[in-house]
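For reference, the structure is listed below as structure tokens.
Residue numbers (our numbering): 2 to 675.
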């Protein structure tokens with residue numbers, strides 16, 4: 002095997018060092034090979050000197066300044082450097098705290114410096130292999146890449162460690178978006194001693210330095226998989242990103258236990274840039290319209306990272322600053338975290354390599370393991386919320402959220418002050434109450450649960466009435482009692498279950514009783530006609546739209562929306578338009594909190610009885626799946642598989658139209674001519 006000595010690269014430094022006594026030499030903490038720069042090579046030295054001991058360095062610190070060595074240690078590296086240089090913190094033992102010291106001063110330099118010797122490999126040298134899986138890079142998703150060394154016909158002899166530079170398009174990864182996982186039994190850990198891995202990633206520069214080293218002074222021969230890289234892409238909104246993302250190892254130095262260099266062939270791989278913009282939003286300012294909100298370290302929420310960086314904010318976390326999930330004051334890009342993969346799922350739906358990485362991102366709540374596929378957070382909901390406003394020039398999203406404390410437990414396990422804060426934060430489902438109480442299990446919240454439409458009301462431990470036990474359990478409620486909260490009442494007992502998206506085409510008040518006479522807060526009029534009462538369990542975030550179409554000619558009916566309180570009529574909204582001009586009534590409750598509502602169709606007079614249609618919609622107009630159109634090109638499609646979230650569009654202030662009760666399909670297009 003072809004080997005070269007790295008000793009020659011620091012020969013000049015050794016001559017200088019030998020000209021003066023060791024005790025008078027200076028140590029720059031972290032620059033173990035004393036070449037004037039702290040980088041991945043110094044971690045190789047650390048790995049070889051691990052657990053060695055010697056004299057404590059007087060007045061030692063990690064401050065980047067020349068510090069007297071004091072008494073030299075009794076041994077030295079094969080290159081001639083005294084082991085005292087590897088005692089970065091000066092406490093008399095080479096251990097993990099010294100490796101952290103290298104991380105603290107990584108990239109710093111002093112003096113003129115001597116370049117490290119990254120050898121050139123011959124065509125027959127062992128190679129590095131990068132095994133990419135999925136070929137497409139998708140915004141904020143993780144790609145798994147296998148990392149192997151050598152082969153059966155080109156094994157490595159006496160490998161102790163290696164350090165290399167990985168270059169990629171700037172801003173393709175998050176700053177904390179590069180991790181490595183290894184384990185005992187793989188190459189470089191076949192004897193049961195897994196190697197240590199150190200990563201220094203700079204997303205803005207598109208450059209990472211990675212060191213993998215053994216720590217027991219025993220080299221290993223062979224070949225095979227060493228571990229796996231986990232690459233977490235950014236939101237891929239930077240306009241400078243090419244269509245093909247190339248990741249290339251541009252420098253590599255491998256050593257044996259005598260610090261002889263072992264040439265390795267470099268490697269590269271590429272990803273095709275995925276569609277970070279679904280084409281569903283107008284182009285805003287200098288940045289693309291990708292809806293991927295980030296919370297900046299300045300406490301400002303931006304539409305995506307491009308807008309954050311355009312504002313000079315380079316430290317940010319996926320999610321919004323509106324809720325308690327991300328604390329911008331805790332975002333710490335300078336945090337030194339171990340390069341180990343012990344994944345946790347952040348409350349913002351992002352998988353972090355370990356708890357330290359999550360904390361450094363300002364994430365306040367995590368759960369063990371990587372995030373599973375979930376619809377709990379949807380960035381489109383941030384913009385759809387009536388509480389938020391987007392500045393089309395700066396990309397800044399602001400929120401006007403009521404200060405009322407009426408807590409809800411989000412499906413992400415975070416308690417929000419109220420439903421409006423949860424919805425402005427992009428949370429699609431939640432339950433009234435706190436996540437900290439034993440009453441609610443956030444992991445059991447399931448807005449898509451299949452439940453019978455029977456009306457057997459139960460009162461949840463969170464004081465919310467549910468149509469039946471199945472609905473309570475789907476809300477994550479852990480216990481409940483029979484009957485509505487606050488006790489039953491004659492009008493509650495007659496309620497008919499109705500669900501989001503329902504269109505009841507043949508309803509009537511004929512034969513119904515006169516259960517409600519008045520609606521305090523909405524009307525001072527007495528209603529003596531028969532009434533029809535419906536109970537709605539709203540399970541997802543969004544606007545509540547209720548439409549009434551009167552079918553009986555000349556009949557005047559009115560529409561009321563009541564709160565979940567069977568013991569007292571609490572009117573939230575009403576529509577009492579004179580039906581001499583229209584046969585429709587409509588109620589729109591923007592950002593209607595998830596929970597239970599009662600809908601009443603009533604008439605003023607005893608003779609006010611007849612037939613009607615009733616429609617309920619509970620969502621936002623969802624643009625995340627918008628189908629793009631091109632000017633001048635015909636399009637043929639169907640709304641058969643569209644959403645049924647909206648019936649009222651409010652373009653002309655009309656909230657009475659109940660004719661749009663079918664599924665909707667959203668399209669987008671860009672005008673190319675005035």
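Glycine residues also receive a C-beta, built at the ideal position from the N, C-alpha and C atoms.
Cβ-based neighbour list, residue i, same chain, cut-off 8 Å, excluding 5 preceding and 5 following
{"i": "residue 235", "result": "140, 141, 172, 173, 174, 175, 178, 204 and 306"}
{"i": "residue 423", "result": "324, 409, 411, 417, 431 and 542"}
{"i": "residue 387", "result": "544, 591 and 592"}
{"i": "residue 370", "result": "344, 345 and 346"}
Alpha-carbon to alpha-carbon, residue j and residue i
{"i": "residue 571", "j": "residue 603", "result": "15 Å"}
{"i": "residue 605", "j": "residue 521", "result": "15 Å"}
{"i": "residue 66", "j": "residue 187", "result": "40 Å"}
{"i": "residue 255", "j": "residue 89", "result": "22 Å"}
{"i": "residue 113", "j": "residue 36", "result": "9 Å"}
{"i": "residue 556", "j": "residue 288", "result": "54 Å"}
{"i": "residue 379", "j": "residue 44", "result": "41 Å"}
{"i": "residue 400", "j": "residue 421", "result": "10 Å"}
{"i": "residue 594", "j": "residue 491", "result": "26 Å"}
{"i": "residue 202", "j": "residue 91", "result": "27 Å"}
{"i": "residue 97", "j": "residue 38", "result": "20 Å"}
{"i": "residue 364", "j": "residue 74", "result": "44 Å"}
{"i": "residue 298", "j": "residue 246", "result": "28 Å"}
{"i": "residue 531", "j": "residue 375", "result": "45 Å"}
{"i": "residue 151", "j": "residue 220", "result": "15 Å"}
{"i": "residue 359", "j": "residue 314", "result": "19 Å"}
{"i": "residue 450", "j": "residue 476", "result": "9 Å"}
{"i": "residue 377", "j": "residue 474", "result": "17 Å"}
{"i": "residue 310", "j": "residue 527", "result": "60 Å"}
{"i": "residue 599", "j": "residue 538", "result": "9 Å"}
{"i": "residue 601", "j": "residue 390", "result": "33 Å"}
Outcome for residue i when other beta-carbon atoms lying within 10 angstroms are tallied against a minimum of 16
{"i": "residue 46", "result": "buried"}
{"i": "residue 163", "result": "buried"}
{"i": "residue 511", "result": "exposed"}
{"i": "residue 501", "result": "buried"}
{"i": "residue 636", "result": "exposed"}
{"i": "residue 448", "result": "buried"}
{"i": "residue 384", "result": "buried"}
{"i": "residue 427", "result": "buried"}
{"i": "residue 587", "result": "buried"}
{"i": "residue 632", "result": "exposed"}
{"i": "residue 218", "result": "exposed"}
{"i": "residue 406", "result": "exposed"}
{"i": "residue 216", "result": "buried"}
{"i": "residue 320", "result": "buried"}
{"i": "residue 489", "result": "exposed"}
{"i": "residue 13", "result": "For residue 13, the pLDDT reaches just 40, beneath the cut-off of 50, and the residue's location in the model is therefore unreliable, although a value from the coordinates is still provided. Exposed, by the Cβ-count rule."}
{"i": "residue 285", "result": "For residue 285, the predicted structure reports a pLDDT of 41, less than 50, and the residue's modelled location is therefore unreliable. A value from the coordinates is still provided. By the neighbour-count rule (16 or more Cβ atoms within 10 Å), residue 285 is buried."}
{"i": "residue 291", "result": "buried"}
{"i": "residue 316", "result": "buried"}
Residues of its chain near residue i, where Cβ-Cβ distance is below 6 Å and the 5 sequence neighbours each way are ignored
{"i": "residue 553", "result": "611 and 612"}
{"i": "residue 372", "result": "346, 350 and 352"}
{"i": "residue 266", "result": "122, 126 and 128"}
{"i": "residue 486", "result": "460, 464 and 466"}
{"i": "residue 100", "result": "47"}
{"i": "residue 182", "result": "228, 229 and 342"}
{"i": "residue 155", "result": "127"}
{"i": "residue 362", "result": "318"}
{"i": "residue 133", "result": "146 and 270"}
Selection from the options that minimises the alpha carbon distance to residue i
{"i": "residue 341", "options": "211, 271 and 395", "result": "211"}
{"i": "residue 239", "options": "193, 73, 304 and 446", "result": "304"}
{"i": "residue 138", "options": "556, 213, 34 and 248", "result": "248"}
{"i": "residue 484", "options": "561, 558, 568 and 450", "result": "568"}
{"i": "residue 457", "options": "526, 468 and 269", "result": "468"}
{"i": "residue 326", "options": "436, 28, 244 and 560", "result": "436"}
{"i": "residue 104", "options": "519, 444 and 200", "result": "200"}
{"i": "residue 80", "options": "391, 49, 577 and 493", "result": "49"}
{"i": "residue 396", "options": "293, 478, 480 and 158", "result": "293"}
{"i": "residue 565", "options": "433, 578, 470 and 452", "result": "433"}
Proximal residues to residue i (C-beta, below 7 Å), its chain only, five neighbours per side dropped
{"i": "residue 252", "result": "119, 165 and 166"}
{"i": "residue 208", "result": "166 and 168"}
{"i": "residue 130", "result": "149 and 268"}
{"i": "residue 482", "result": "459 and 460"}
{"i": "residue 300", "result": "322 and 329"}
Practice task
Determine, using beta-carbon pairs with one atom in the region 222 to 235 and one in the region 256 to 265, whether at least three such pairs fall under 8 Å.
Solution key: Segment contact: the region 222 to 235 against the region 256 to 265, fewer than three CB-CB distances shorter than 8 Å; contact not assigned.
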